[in-house]
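Taken in order, these protein sequences are the chains called A and B. With the first letter of the first sequence counted as 1, position 141 gets the number 141 in my numbering; the numbers rise by one all the way through. Numbers given in my numbering equal positions in the second sequence, counted from 1, plus 1000. A quick write-up on the structure given underneath.
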Amino acid sequence: MRKIGMALAAVAMAAGATGAAWAQSAAEKQVEARKANFKKIGAAMKTNVDFVRNDKGTAADVVAASRTMATLAGQIPSWFPAGTAVGVGKSEALPVIWQKPADFRAAAMKLQTAANNLATVAAGGDKAAIGAALGGVGATCKGCHDVFRQPD
Amino acid sequence: MAAGGTRVRVWDGWIRGFHWLLGSLVAVSWWTAEEGHMEWHFRSGIAIFVLLVFRLLWGVFGSETARFASFLKGPGTILAYLRGKAPRALGHNPLGGLSVLALLGVLIAQTTLGLFAQDEDGIYSGPLSSLISYDASSLAGEIHHTLFNVVLGLIVLHISAITYYVLRGDDDILLPMITGDTDTDLPAPKRAPAWRGLVALAFAVALAAWVWSGLKGL
Ligand code: HEM
Chain A
1 MRKIGMALAA VAMAAGATGA AWAQSAAEKQ VEARKANFKK IGAAMKTNVD FVRNDKGTAA
61 DVVAASRTMA TLAGQIPSWF PAGTAVGVGK SEALPVIWQK PADFRAAAMK LQTAANNLAT
121 VAAGGDKAAI GAALGGVGAT CKGCHDVFRQ PD
Chain B
1001 MAAGGTRVRV WDGWIRGFHW LLGSLVAVSW WTAEEGHMEW HFRSGIAIFV LLVFRLLWGV
1061 FGSETARFAS FLKGPGTILA YLRGKAPRAL GHNPLGGLSV LALLGVLIAQ TTLGLFAQDE
1121 DGIYSGPLSS LISYDASSLA GEIHHTLFNV VLGLIVLHIS AITYYVLRGD DDILLPMITG
1181 DTDTDLPAPK RAPAWRGLVA LAFAVALAAW VWSGLKGL
């Protein structure tokens, strides 16, 4: 009887550990996936900067990259399920994201608005105006990172 | 150098200007990066680029004590110097020559990486980052960040060595980098004419301007 009890306890513990490990890796996967998404936003940023500063590519590339940015911006809040703050994997997401969800959502919407504006301005092709609109986008990235992302 | 003898110029104005400007601008680069004043970080960085290009040219065409050939010595000479058996000479001692090589080398690497670097957000980026991919530019940024610790380490070593010579008191090493002169019975080192300095500087500025434009026309 005792042997069976111990065996059962061992199985239960193993199952519990596996479950925890699985939950852990699911959260870690979330973090990895959203970092990959933010990298896409970063790459779109680079496309825009390269055009404004170094004449690389065309205004049409900026339009496309800005649309990508705006679409991804709309998804940002959904990339942050509970239990994926700093401490999980390589997350740099501060707990304040879950304490002030409305502010976080508003910060994401600011990016979406600025990116849509950049797409519209870029379609017009005026380089100086594109540069100014791009500055507006950069400010929304910084605005969110300063509050919701762990500083290095 | 032993006191007495005649006053000779060991370091010309170009070398002294280079030296103190470089030191100040490395401090500016560090401070501006730390505080996030990236526009100033870029200006300071490109000015360092000008200085480094000038120094490489001056190491070949410049005054005697500035030339690499005059102070880069083989291991035999360095060992002899450490045992106190090297002939006396003006300018960098054989060990100091190594330190110059290391400092210039790591600063050239740091500056080159900076030109290609971006912060991972792609908001701030060096003028040559548009030539490479997002990932490569982020990587350059990371190495640029990490390599700065090596820069700091070498600077600490450099200042410690100078402090040691000054405290030991028998080597007039600090003042000549300020006034340019030392008292010695050794013959004065040869000095390059001023026009060569101007040409080297003009070349360095032109190259920097082209780099700053993202190598336009390439
Ligand atoms: C020897 C000269 C230089 C020194 C000592 C230096 C120092 C630094 C340091 C310490 C950082 C890290 C800041 C941080 O992340 O906390 C940094 C970042 C950066 N530097 Fe420089 N820098 C130099 C030259 C340059 C040049 C020439 C450029 C380009 C024009 C440049 C562009 C950048 C960029 C884009 C970053 C952001 C990278 C990142 O945060 O990962 N740097 N620099």
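Here a beta-carbon is modelled for each residue, glycine too, at the ideal position from N, C-alpha and C.
| Query | Result |
| --- | --- |
| Who pairs with S1125 (chain B) in a beta bridge, going by DSSP? | B:Q1118 |
| Grab me the residues of G138 (chain A)'s own chain with a C-beta within less than 6 Å of its C-beta, minus the 5 sequence neighbours each way, in chain order. | none |
| Based on the DSSP secondary-structure assignment, which residues constitute the bridge partners of V1008 (chain B)? | B:T1182 |
| Hey, which unbroken runs of the alpha helix (DSSP H) at 4 residues or more fall wholly within the region 38–86 of chain A? | 59–75 |
| Is the closest heavy atom of the ligand HEM to the C-beta of T1127 (chain B) under 7 Å? | Sequence check: residue 1127 (chain B) is Pro here, not Thr. Yes. |
| For D126 (chain A), count neighbouring C-beta atoms within 10 Å of its own C-beta (all shown protein chains included) and say buried if the count is 16 or more, exposed if not. | exposed |
| With C-beta atoms as the reference, is A1188 (chain B) less than 8 Å away from W1058 (chain B)? | no |
| Answer with buried or exposed for V1156 (chain B), where buried requires no fewer than 16 other C-beta atoms within 10 angstroms of its C-beta. | exposed |
| Return the CA-CA distance between L1095 (chain B) and G1153 (chain B), expressed in angstroms with no decimal places. | 17 Å |
| DSSP three-state call for R1196 (chain B): helix, strand or coil? | helix |
| Between the beta-carbon of T47 (chain A) and the beta-carbon of A65 (chain A), is there less than 8 Å? | yes |
| With 16 as the cutoff for other CB atoms within 10 Å, does A1002 (chain B) come out buried or exposed? | The predicted model places A1002 (chain B) with a pLDDT of 46, which falls under 50 and marks its position as unreliable; any figure quoted below should be read in that light. Exposed. |
| Sorted by chain position, which residues of the same chain lie with C-beta nearer than 6 Å to V63 (chain A)'s C-beta, five sequence neighbours on each side aside? | A119, A122, A123 |
| For the alpha helix (DSSP H) that N1149 (chain B) lies in, which residues bound it at each end? | 1134–1168 |
| Is the shortest distance between the beta-carbon of N37 (chain A) and the beta-carbons of chain B less than 8 Å? | no |
| Which residues share a DSSP beta bridge with A93 (chain A)? | A:R149 |
| Please determine whether the Cβ atom of S1133 (chain B) lies at a distance below 7 Å from any heavy atom of the ligand HEM. | no |
| Mind checking whether L1113 (chain B) and I1143 (chain B) have CB atoms under 8 Å apart? | yes |
| Can you confirm whether A43 (chain A), when its beta carbon is compared against all beta carbons of chain B, has any partner nearer than 8 Å? | yes |
| Verify the CB distance criterion: does G136 (chain A) have a CB-CB separation below 8 Å to chain B? | no |
| Starting from the beta carbon of K29 (chain A), find every residue of chain B whose beta carbon is closer than 9 Å, and list them in chain order. | Under the 9 Å cutoff, chain B gives no residues; its nearest Cβ is about 20 Å from K29 (chain A). |
| Is it the case that the CB of W1030 (chain B) approaches a heavy atom of the ligand HEM more closely than 7 Å? | yes |
| Where do the ends of the alpha helix (DSSP H) carrying V88 (chain A) lie? | From DSSP, V88 (chain A) is part of no alpha helix (DSSP H); its letter is neither H nor E. |
| Can a CB atom of chain A be found closer than 8 Å to the CB of G1214 (chain B)? | yes |
| What residue from B:P1127, B:Y1081, B:H1019 has the CA that sits closest to K1216 (chain B)'s CA? | B:P1127 |
| Taking the straight line between their C-alpha atoms, what separation do you get for I1159 (chain B) and L1174 (chain B)? | 10 Å |
| Mind checking whether V96 (chain A) and V31 (chain A) have CB atoms under 8 Å apart? | no |
| Rounded to the nearest angstrom, how far is the Cβ of S1044 (chain B) from that of L1025 (chain B), given a contact under 8 Å? | 5 Å |
| Residues of chain B with a CB under 7 Å from the CB of D50 (chain A): which are they? | S1130 |
| In the structure shown, what three-state DSSP assignment does S1070 (chain B) receive? | helix |
| Just the chain B side, please: which residues come within less than 7 Å of C141 (chain A) by C-beta, in chain order? | D1121, I1123 |
| Please confirm whether A1208 (chain B) and I1108 (chain B) have their CB atoms less than 8 Å apart. | no |
| Would you say K90 (chain A) faces chain B, with C-beta separation under 8 Å as the test? | no |
| Would you call the CB atoms of A1066 (chain B) and I1015 (chain B) closer than 8 Å? | yes |
| Check whether the Cβ of K56 (chain A) lies closer than 8 Å to any Cβ atom in chain B. | yes |
| With DSSP as the reference, label L1090 (chain B) as helix, strand or coil. | coil |
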